[in-house]
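To start, the structure itself, in C-alpha cells.
There are 2 protein chains.
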Amino acid sequence: MGKLLIVGTVAFDAIETPFGKTDKILGGAATYISLAASQFNIKSAIVSVVGDDFPQEHMDLFTNKNINVSSLEVVKGGKSFYWKGKYHNDLNSRDTLVTELNVLADFSPAVPEDFKDADVVMLGNLHPSTQMSVINQMAKRPKLIVLDTMNFWMDNALPELMEVIAHIDVITINDEEARQLTNEYSLVKAAEKIQQLGPKYVVIKKGEHGALLFHKTEVFFAPALPLEEVFDPTGAGDSFAGGFAGYLTETENISFNNLKRAVIHGSNLASFCVERFGTERMKDLQKNEANERLLQFKELTQFDIELQ
Amino acid sequence: MGKLLIVGTVAFDAIETPFGKTDKILGGAATYISLAASQFNIKSAIVSVVGDDFPQEHMDLFTNKNINVSSLEVVKGGKSFYWKGKYHNDLNSRDTLVTELNVLADFSPAVPEDFKDADVVMLGNLHPSTQMSVINQMAKRPKLIVLDTMNFWMDNALPELMEVIAHIDVITINDEEARQLTNEYSLVKAAEKIQQLGPKYVVIKKGEHGALLFHKTEVFFAPALPLEEVFDPTGAGDSFAGGFAGYLTETENISFNNLKRAVIHGSNLASFCVERFGTERMKDLQKNEANERLLQFKELTQFDIELQ
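These protein sequence lines are chains A and B, in that order.
FYI, the numbering for the first sequence is 1 to 308, going by this note's numbering.
FYI, the numbering for the second sequence is 1001 to 1308, going by this note's numbering.
This is the structure in C-alpha cells:
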C-alpha cells in the first residue's frame, strides 16, 4: 500500500462568507489535504504542529480516517496557528483579518521513521525552509514530491522557495501566483518557465474556472464543477492537492495520463469541500458520493467529434 | 444544404491592445459571425447596413467566402458604424472610447426572400427590436434561433430584450451578463432562470475560461484553448457564435450531444480569432488548420477514469 507524507498547517480558522460566519473551527492545509487523501486506499501521515488548545475530537477525526498523527506535534502551553478571513461577495477574493502563527513560529518538522520511505510527499503551504527540511529528512528520494505554495512566500522568502521548487516534481499554484513568479501573463508561457525551474509538471489552479496541468508540450484542463451553491472556498485548493496526491499514491503511476486522472480526482474532492463551511463536508464524505460526482465530471467535459 | 441567416453589425473598429493599435479596420458582430460560419458547408447571408465609406474589398471578402450580401444595405452618403476601444493589460476588460452609430441609427432590417426559410437564424448583438423584426419576417419558424446580446441592452432596452428572449432557442451571453439578467451569482441558478424566460439552451461565455452549455439538468463545459499569445480579443465571442451556429446549420441536428460539438467548434474558431488583430486570422483560416486544433481540444479535455 502506497505511503503519502503530508506536511502543512493544522490550524483554527474563523471564516466569514456572504452566507454566514464561524467561530474557530478546524482548518489548515494539512487538514484539508489529509481528509481529501483519506478517500484513497493509502497510508498517510501528517507532519505538523498544534498547541494544547487543539481538542481531542479533531485528533480523533484524523485517526478515525487512518491518518497517522504521530508526527503531529503538540506543544504544551502553546496555541495553535489561527487564521481569520472574510470572503468578498464573489467568493473569489478574501481579506485576511488575523494571522497568529503561535506554535508554528518555531516549528521544526520531524518526519516519522516509517514515512521516511514515503512514495509521495505532499508539501502543503508552509514556509519553504520547513518544506525543504522535510525533503532533506527522507531516507530515499520519493517517487513524487508535490509542492503547494502561495504568493506570500514569493514576497517574503523567494530564495528559499526557489530552492524547494528546484527539488520537486509537481507544483500546484494559482494563476495569479504563476504570473507573479514568472512575469508572464500567458499561462502557457508561465508554465514553460516554471518547468525550467525544476518541476516536470505544473498545475495551475483557477478556482471556479478549473485547473490546468502542463508537462512539456502537453496540456490538460479539468473544469471545476458548476455548483448551485458555493458556501465557503476555504480549503478547496488543499482538497484539490490532497485528492491529486492521494490518487497518485494509491495508483503509483506517474504517467501524464494518470496525472490527468489525478487532476480530475482533485477537482472532484474540491467540489465537495466548498459546499459547507470548513471541513464539514469533507469529514463525512463517502466513497460512493465521490464516485457519483466523478461521472458528472465525465458528462461535463466528454464529447465526440468527427473531423471532415 | 442548410441555410444560416446572420444579423448583426458590419462596422469599422479601431482597437488598442497592450500589443499594438490599429486604424479603422473591418469589424462588427455579423462580420465575425459570418467569417467563422463560412468554415462550414452551408449557405449564409448577412442582414446589416453600412455606409458608402465601406470599401469594395470588404464586400469581396464576404462574397469570396460565399456569404450572401444582397441584404447588406449600403446607405448612399452614410457612414458605417464605428467603434473604438482600448483593452486593459489583462485583455479581460476594455474601455469604449468612441461609438458612432451612423447608418445603424435608422436601420430597418430586410430579410432576403431566399433566406426567409433559413434553418438557423443567428441574431448577433444589436438592438433587440431589430433582432425581433428579423424573427417576424421569417416565412416559417426556423429550426433554431440563436441570440447573442450584451449588458448594454439590459440597461437600455430590457422590455424589448425580454421579448426577443421569449422567442429564441439558444442564448449566448457572458457570465457577468447572466448574473446581471437574473440576479443570481451561481451560473447554474442563472442558467435555470434564463431557461424559464424562453430559451431551451443557455451558453454562458467566460472568455479565457471557456464556455458552459446548459439544458435542463444537463451541463457541458468547453475550455478555451490555453494560448501562448492572445493578441486581440475583439470578435472572439462573435466567432464563437458563428462557429456554433455554422456547425448546427451544416449538421441540422439539434440534440444536446450535437450542441456540445457546436460549442467545441465555436471555442475552436474563437481561439484563432484572438491570435491576430481584427479579422486578420479569420479571413485566411483554412479548414485543415481548424481541424488540427480540434484535436488539441480533445487532448485538452478527454480522460478515462475507472471507478472503484
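Just so it is clear, CB atoms sit at the ideal spot from N, CA and C, and this is done for glycine as well.
Exposure label - M282(A); buried when at least 16 CB within 10 Å = buried
Quick one: what's E275(A) bridged to in DSSP?
-> According to DSSP, E275(A) bridges with nothing at all.
Helix or strand or just coil, what does DSSP make of I1173(B)?
-> strand
Does DSSP put I1042(B) in a helix, a strand or coil?
-> coil
Could you spell out where the beta strand (DSSP E) holding L1097(B) opens and where it closes?
-> 1094-1100
Under the three-state reduction of DSSP, which class applies to V230(A): helix, strand or coil?
-> coil
Name the one or two DSSP bridge partners that H949(B) has.
-> Absent from the structure is residue 949(B), since the part of chain B shown begins at 1001 and ends at 1308.
Under three-state DSSP, which class holds N257(A)?
-> helix
Below 8 Å on the Cβ atoms is my guess for R1261(B) versus I305(A); work out the distance and round it to an integer in Å.
-> 5 Å
Taking the beta strand (DSSP E) that Y87(A) falls in, what are its first and last residues?
-> 81-87
Cα separation between S108(A) and V74(A)?
-> 12 Å
Under 9 Å Cβ-Cβ, which residues of chain B neighbour S377(A)?
-> In the structure displayed, chain A extends from 1 to 308; residue 377(A) sits before or after that span and is not available.
CA nearest to the CA of I25(A), picked from F81(A), V69(A), K3(A), G77(A) = F81(A)
Any beta-carbon of chain B closer than 7 Å to the one on I173(A)?
-> no
Counting along the chain, where does the alpha helix (DSSP H) carrying G27(A) start and finish?
-> Counting along the chain, G27(A) falls outside any alpha helix (DSSP H), though it belongs to the beta strand (DSSP E) covering 25-27.
Would you mind reading off the limits of the beta strand (DSSP E) that contains Y201(A)?
-> 201-205
Give a yes or no on whether 7 Å exceeds the smallest Cβ distance from H1209(B) to chain A.
-> yes
When you compare only the Cα positions, how much space is there between S34(A) and V1121(B)?
-> 52 Å
Sorted by chain position, which residues of the same chain lie with C-beta nearer than 8 Å to E1160(B)'s C-beta, five sequence neighbours on each side aside?
-> H1127, P1128, S1129, M1132, W1153
Environment of K3(A) [buried if 16+ CB atoms lie within 10 Å] | buried
Span of the beta strand (DSSP E) around K1193(B) | Per DSSP, K1193(B) belongs to no beta strand (DSSP E); it is in the alpha helix (DSSP H), 1187-1196.
Bridge partners of S48(A), per DSSP?
-> L72(A)
Which same chain residues, not among the five before or five after D148(A), have their C-beta less than 6 Å away from its C-beta?
-> G124, N125, T172, A241
Reduced DSSP secondary structure (H/G/I, E/B, other) of V1120(B) | strand
Can you check DSSP and say which residues form a bridge with F1381(B)?
-> This structure cannot speak to residue 1381(B), because chain B is shown only from 1001 to 1308.
Can you find a CB in chain B that lies within less than 7 Å of the CB of V69(A)?
-> no
Output the distance between the C-alpha atoms of D155(A) and K1298(B), rounded to the nearest integer angstrom.
-> 38 Å
Would the beta-carbon of A1036(B) fall within 7 Å of that of S1044(B)?
-> no
Taking Cβ positions, are G1198(B) and A1166(B) nearer each other than 7 Å?
-> yes
Can you pull the chain A residues whose beta carbon is under 7 Å from the beta carbon of L1212(B), in chain order?
-> P226
At a CB-CB cut-off below 7 Å, which residues of chain B make contact with I264(A)?
-> F1303, I1305
Let me know the beta strand (DSSP E) ranges lying completely inside the stretch 127-162 of chain A, each 3 residues or longer, listed in chain order.
-> 144-148
With 16 as the cutoff for other CB atoms within 10 Å, does E1177(B) come out buried or exposed?
-> buried
Provide the residue span of the alpha helix (DSSP H) that contains K1298(B), from first to last.
-> 1287-1301
Where do the ends of the alpha helix (DSSP H) carrying L313(A) lie?
-> The requested residue 313(A) is not part of the displayed model; chain A covers only 1 to 308.
Own chain residues within Cβ distance below 6 Å of L1285(B), not counting five before or after | F1272
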